Amino acid sequence: MTFRKILIPALLAYVFFSFACVYIVLPEGLETPEVVVEGAELKAWNAVVTNVGKSDSGDLHIEFTIRNDTGDWSTMRALPENPAVLTTSDGKSTNCDTVFVGTGGHRLAPGFQTRGYTTGKKDDLKTQLIYVECKGATTDAGSNLSIEYASFGGILDDYDPEANKTEGVLELNLDEVVTDLQYPIAVPVEGLIQDTGVSITALSDNVVNLLDVQRTDTGFQFTWQNFNPTKFPLKTHLGTPPVIGADGIIYGFYESLDIVPIPITPPNEKVEWTTEVAVPKDVTGFYILLSVESNKPRTYVNYLVDISDK
Numbered sequence: 312m313t314f315r316k317i318l319i320p321a322l323l324a325y326v327f328f329s330f331a332c333v334y335i336v337l338p339e340g341l342e343t344p345e346v347v348v349e350g351a352e353l354k355a356w357n358a359v360v361t362n363v364g365k366s367d368s369g370d371l372h373i374e375f376t377i378r379n380d381t382g383d384w385s386t387m388r389a390l391p392e393n394p395a396v397l398t399t400s401d402g403k404s405t406n407c408d409t410v411f412v413g414t415g416g417h418r419l420a421p422g423f424q425t426r427g428y429t430t431g432k433k434d435d436l437k438t439q440l441i442y443v444e445c446k447g448a449t450t451d452a453g454s455n456l457s458i459e460y461a462s463f464g465g466i467l468d469d470y471d472p473e474a475n476k477t478e479g480v481l482e483l484n485l486d487e488v489v490t491d492l493q494y495p496i497a498v499p500v501e502g503l504i505q506d507t508g509v510s511i512t513a514l515s516d517n518v519v520n521l522l523d524v525q526r527t528d529t530g531f532q533f534t535w536q537n538f539n540p541t542k543f544p545l546k547t548h549l550g551t552p553p554v555i556g557a558d559g560i561i562y563g564f565y566e567s568l569d570i571v572p573i574p575i576t577p578p579n580e581k582v583e584w585t586t587e588v589a590v591p592k593d594v595t596g597f598y599i600l601l602s603v604e605s606n607k608p609r610t611y612v613n614y615l616v617d618i619s620d621k
């Protein structure tokens, strides 16, 4: 009992002293340092200038690569109503109205970078490089370009496709031009890349597999298989998966993933179907940017599948 009588006051004194320390007021000018989490400044989209020149009409033409440093799957696009802004070393600003910046609607894997995407119509596809043009403008040492953008990260919910929206600004130093970027991986992310044999658990415990990858005269043909272990006929949507290759271009026409025709899988059976994507014959090093319907209808989880040997 004597020991307990001594111990309890001692503990109370320790607790009082510990909490009292929290409320110590520091002298003016001596503030608690901000805690900096390593890499926190990278949780956004970033950009690297790859060329500064002139357009065919003589306007300032700036090409660059955008990099997904958000730490998650994300799509991004320049804000459509906002011009890019060129600021020269003397502080003068010029609005740049020709702005092609984005991922073409597709979610890009974290740590990946791109310099262009597929655009146009399904029967008339074009490759859109990422660039800004400033009519009548010139640049000198110390010039910068800023572009306001919106990004949408994480799991895609087609009922709320603009959930997890973040707005930011790309800041480009036009003096820093990089011409030897390696595509499509900028920063490797551990555990991100899957091989072609991966089995993906999808909606209602259905299982999706990539059975075959064929290089065709126009691009790729993928053969998919869905196994339905339930007692009800079901579909597993994955749209028409795009790819990104060693040239840094995202190939594939973007459309809502659930409107692409998919066969129904009967109960406890397997069904196969194919998708195609057009890519140039001379480009290699591809990865599939795969979105699979999971968790609930029209909600998609992303997977990166390595087909770089095809």
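Each residue of the sequence shown is one higher than the one before, counting from 312 in my numbering. Note that beta-carbon positions come from the ideal geometry of N, C-alpha and C, so glycine has one too. Computed from a predicted structure; not experimentally measured.
Cβ shell of residue i (< 7 Å), same chain only, five flanking positions each side left out
| i | result |
| --- | --- |
| Glu473 | Phe463 |
| Asp451 | Thr399, Ser400 |
| Gly596 | Gly556, Ala557, Ser619 |
| Ile496 | Gly422, Phe423 |
| Ala513 | Val519, Thr547, Val603, Glu604, Ser605 |
| Leu318 | The pLDDT assigned to Leu318 is 42, lower than 50, so where the model puts this residue is not dependable; a value taken from the coordinates is nonetheless given after this. Counting only Cβ-Cβ distances below 7 Å, and skipping sequence neighbours, we find nothing. |
6 Å CB neighbourhood of residue i in its chain, flanking five on each side removed
| i | result |
| --- | --- |
| Leu601 | Pro552, Tyr614, Val616 |
| Thr585 | Gln532, Thr534 |
| Lys546 | Ile573, Ile575 |
| Pro540 | Asp516 |
| Tyr565 | Gly415, Gly416, His417 |
| Arg526 | Lys621 |
| Asn362 | Glu374 |
| Gly530 | Val588, Ala589, Val590 |
| Ile504 | Leu615, Asp617 |
Short Cβ contact (8 Å threshold) for residue i with residue j
| i | j | result |
| --- | --- | --- |
| Thr438 | Gly453 | no |
| Ile560 | Leu485 | no |
| Leu371 | Glu459 | no |
| Lys365 | Asp408 | no |
| Lys432 | Val524 | no |
| Thr429 | Gly563 | yes |
| Met387 | Ala461 | yes |
Min CB distance residue i to chain C below 8 Å
| i | result |
| --- | --- |
| Ser368 | Annotation note: the requested chain C is absent from the structure, which comprises a single protein chain. |
CB-CB length for residue i against residue j, believed under 8 Å
| i | j | result |
| --- | --- | --- |
| Leu492 | Val359 | 7 Å |
| Val588 | Val554 | 6 Å |
| Thr610 | Asp435 | With a Cβ gap of about 31 Å, Thr610 and Asp435 do not count as contacting. |
Same chain, Cβ closer than 8 Å to residue i, five either side skipped, listed in chain order
| i | result |
| --- | --- |
| Ser404 | Val396, Leu397, Thr398 |
| Asp528 | Lys592 |
> Using 8 Å as the Cβ pair cut-off and three pairs as the minimum, do the segment 576-585 and the segment 519-536 touch?
Replying inline: yes
>> Tell me whether the segment 372-380 and the segment 414-423 touch, counting them as touching only if at least three CB pairs, one residue from each stretch, are closer than 8 Å.
In response: Yes, they touch.
> Which runs of the beta strand (DSSP E) spanning at least 3 residues fall entirely within the segment 390-467, listed in chain order?
Replying inline: 395-398, 404-407, 409-411, 427-432, 435-440, 442-445, 455-464
>> If contact is defined by three or more beta carbon pairs under 8 Å, each pair taking one atom from either stretch, is the segment 485-504 in contact with the segment 400-417?
In response: no
> If you scan the segment 518-603 from start to end, which runs of the beta strand (DSSP E) of 3 or more residues do you find wholly inside it?
Replying inline: Secondary structure in the segment 518-603: the beta strand (DSSP E) runs of 3 residues or longer, each lying completely within the stretch, are 518-526, 530-539, 560-562, 580-589 in chain order.
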